[in-house]
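Since the structure comes first, as structure tokens, the remarks are kept for the end.
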Amino acid sequence: MTTTNKERATNYPGIYEYDVRKTPKDKGIRYRVVYRTPAGKQTSKSGFKTLGAAKSFQAETETKKATGDYIAPSAGRIKVGALAPDWLKEKGATTAETNSGPLESSWRNHVKERWSGVGVGDVDTEDVKTWILDMRLAAQQRAEKNSKPDINAGATVIIRAYGVLAGILDLAVSRGLLPKNPARSKTVSKVMPKKLRKKHIYLTAEDVGRLSKEADVHGHGLLVLVLAYCGIRWGEAIALRVFDIDFMRKRLSITKAVTEETGFKVGPTKGRENREVPVARFVLDLLRFHVEDLKPDALVFPNKEDATKYLGRSKSDDGWFVGAVKRAKVQRITPHDLRHTCASLAISAGANVLVLSKMLGHKDPSVTLNDYADLFNADLDNVADIMDTRYSSAARCGNVAEPTDRDPIAA
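Quick look at the structure:
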């Protein structure tokens, strides 16, 4: 840009005009606004084509300074990709590997290519909305190609990717690089896919017995019982060592979990909190026999070919777990579904929500209530039946007044 004349003061303090000539066809007057940052440093912004635009910028800047929303223009030029490592590092330090691992994968596979080179100040709500819609359309097309049309296809992947971007922009806000997060908007929320909760499958005690028997063909019968009657997660189960079993107190000490994102990795539990889980007597007796010849630091459920290695999750259709499910003729489930079975068996045995929450490792009982609302609703009928039974028992002993046919006393 070529300036042909020196700046000239306008009738508005802090606003100056100057002449420019880019090309013979692109020339004219431009305006520059001089102002001070909240820290008192003088700075300016030039290039306004009209006096009105310069005045609007000046007024908006003064308003933001007064309300504390002022952000230096240079701050917004910091790239999303420059903040991603810090955000992922924070997640790795504050969440379990089962949570932080998928976030790192989501950044690499779904967020980085689109947003890494974009300045945080250049992220626009409409751009985020378009990105979400593009991912949804691609997921829907893949689902239709596989003869499984679904308007909410890919919901888990899309919601996680959005969460990564929004989280990084939250960090930008907290560092004073943005006044607000453009991804946290109702406009974006309206186009997000709906993640439909998978209906829980609950096995009966008889189902669990048959499944355990069939799994024992490959030596995994006891593992099935521990998952179904202790409610621990798969990663917590395969991380168990002999010294984690307290036979006197009938407890399992759950302090670690194994993830298989990229090879086996040992870390904290999903809730990053240790807990003790009660063990039914018959399961404890089987555990005692199972580990009696093992050293205290030996894995309870190791790889069958190498007892020093962790047991991998059975995922394939010809794996031991799927085979056991088919032979036992129970509903099609995954090892994680046995955790839901444990919740069902515990509630039917009289466990309240607080006890179940501690057993399952939920940080808040409300999580347990939300996850297993159907079980607790069904339990209401049992409460009514128990109260009716106790009333009848008391009535037989003459300890309650029998109802009469008299009219109620008027108020």
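Whatever position you read off the sequence shown (first residue = 1), add 14 for our numbering.
Even glycine gets a Cβ: it sits at the ideal position worked out from N, Cα and C.
This one's a predicted model, so the numbers in the text were calculated from it and none came from an experiment.
C-alpha gap between residue i and residue j, whole angstroms
i	j	result
methionine 15	threonine 64	Its pLDDT being 46, under 50, methionine 15 is placed unreliably by the model, and the measurement read from it follows with that caveat. Looking at the two C-alpha atoms, the distance is approximately 17 Å.
alanine 312	aspartate 388	39 Å
aspartate 33	tyrosine 45	9 Å
alanine 169	lysine 208	6 Å
alanine 219	aspartate 184	47 Å
leucine 102	tryptophan 248	25 Å
tyrosine 26	serine 88	25 Å
threonine 17	arginine 35	For threonine 17, the predicted model reports a pLDDT of 48, less than 50, meaning its position is unreliable; a value from the coordinates is still stated below. Near 7 Å, if we compare the C-alpha coordinates of arginine 35 and threonine 17.
tyrosine 176	valine 132	15 Å
cysteine 411	glycine 333	59 Å
alanine 424	serine 406	No answer about alanine 424 holds up, because its pLDDT of 49 lies below 50 and its placement is not dependable.
arginine 341	glutamate 228	7 Å
threonine 77	arginine 128	33 Å
isoleucine 92	glycine 181	15 Å
glycine 66	serine 130	35 Å
aspartate 141	arginine 189	22 Å
leucine 325	phenylalanine 315	7 Å
glycine 277	histidine 124	21 Å
arginine 150	isoleucine 173	10 Å
glycine 223	alanine 271	26 Å
aspartate 258	histidine 234	19 Å
isoleucine 29	aspartate 378	57 Å
Identity of the residue in the options nearest residue i by Cα
i	options	result
alanine 357	Cys244, Lys59, Val171 and Ala338	Cys244
histidine 376	Ala363, Leu97, Arg198 and Glu290	Glu290
phenylalanine 335	Asp258, His232 and Tyr216	His232
lysine 143	Met262, Lys329, Asp307 and Val202	Val202
leucine 301	Leu239, Asp332, Asp351 and Phe390	Leu239
glycine 82	Ser58, Pro52, Asp402 and Lys69	Pro52
serine 119	Gly42, Pro99 and Ala242	Pro99
alanine 321	Glu104, Arg255 and Leu97	Arg255
serine 328	Arg22, Glu140 and Pro349	Pro349
arginine 265	Pro282, Asp299 and Phe278	Asp299
aspartate 138	Glu21, Val94, Leu368 and Ala294	Val94
alanine 86	Thr57, Ile172 and Asp378	Thr57
valine 171	Ile29, Ala152, Ser70 and Lys59	Ala152
valine 48	Lys59, Gly54, Gly42 and Lys41	Lys59
tyrosine 386	Ile361, Ala408, Glu21 and Arg295	Ile361
proline 292	Glu319, Val280 and Met262	Met262
glutamate 21	Arg50, Gly61 and Phe71	Gly61
Element boundaries [beta strand (DSSP E), containing residue i]
i	result
glycine 181	Careful: glycine 181 lies outside any beta strand (DSSP E), inside the alpha helix (DSSP H) at 169-188.
serine 380	Run containing serine 380: none in the beta strand (DSSP E); it sits in the alpha helix (DSSP H), 379-385.
arginine 289	289-292
lysine 59	56-62
valine 205	Premise fails: valine 205 is in no beta strand (DSSP E) and is neither H nor E.
glycine 82	Run containing glycine 82: none; DSSP gives neither H nor E here.
Beta-carbon spacing of residue i, residue j below 7 Å
i	j	result
alanine 146	valine 205	Before going further, note that residue 146 is isoleucine rather than alanine in the sequence given. Taking 7 Å as the Cβ cut-off, isoleucine 146 and valine 205 qualify as a contacting pair.
threonine 382	leucine 370	yes
tryptophan 121	valine 178	yes
lysine 284	alanine 110	yes
leucine 225	alanine 363	no
valine 134	leucine 210	no
valine 344	aspartate 221	yes
histidine 304	leucine 236	yes
threonine 273	asparagine 288	no
alanine 157	aspartate 164	yes
leucine 241	leucine 352	yes
leucine 317	lysine 323	The amino acid occupying residue 317 in the given sequence is asparagine; leucine does not appear at that position. Against a cut-off of 7 Å, the Cβ pair of lysine 323 and asparagine 317 comes out as a contact.
arginine 215	isoleucine 347	What sits at residue 215 in the sequence shown is isoleucine, not arginine. Contact: yes.
lysine 126	leucine 117	no
The alpha helix (DSSP H) enclosing residue i, as first and last residue numbers
i	result
arginine 426	Nothing can be reported for residue 426, as the shown portion of the chain is limited to 15 through 425.
valine 272	From DSSP, valine 272 is part of no alpha helix (DSSP H) but of the beta strand (DSSP E) over 271-273.
lysine 143	139-159
glycine 223	219-229
glycine 281	Looking at the DSSP string, glycine 281 is not in any alpha helix (DSSP H); the run it does join, the beta strand (DSSP E), is 279-281.
glutamate 127	126-129
serine 330	Premise fails: serine 330 is in no alpha helix (DSSP H) and is neither H nor E.
aspartate 320	Per DSSP, aspartate 320 belongs to no alpha helix (DSSP H) and is neither H nor E.
histidine 354	351-362
phenylalanine 303	295-305
valine 367	367-374
alanine 312	Segment: none, alanine 312 is in no alpha helix (DSSP H) and carries neither H nor E.
>> List, from N- to C-terminal side, the alpha helix (DSSP H) runs of 4 residues or more that fit wholly inside the segment 89-123.
In response: 94-108 and 111-120
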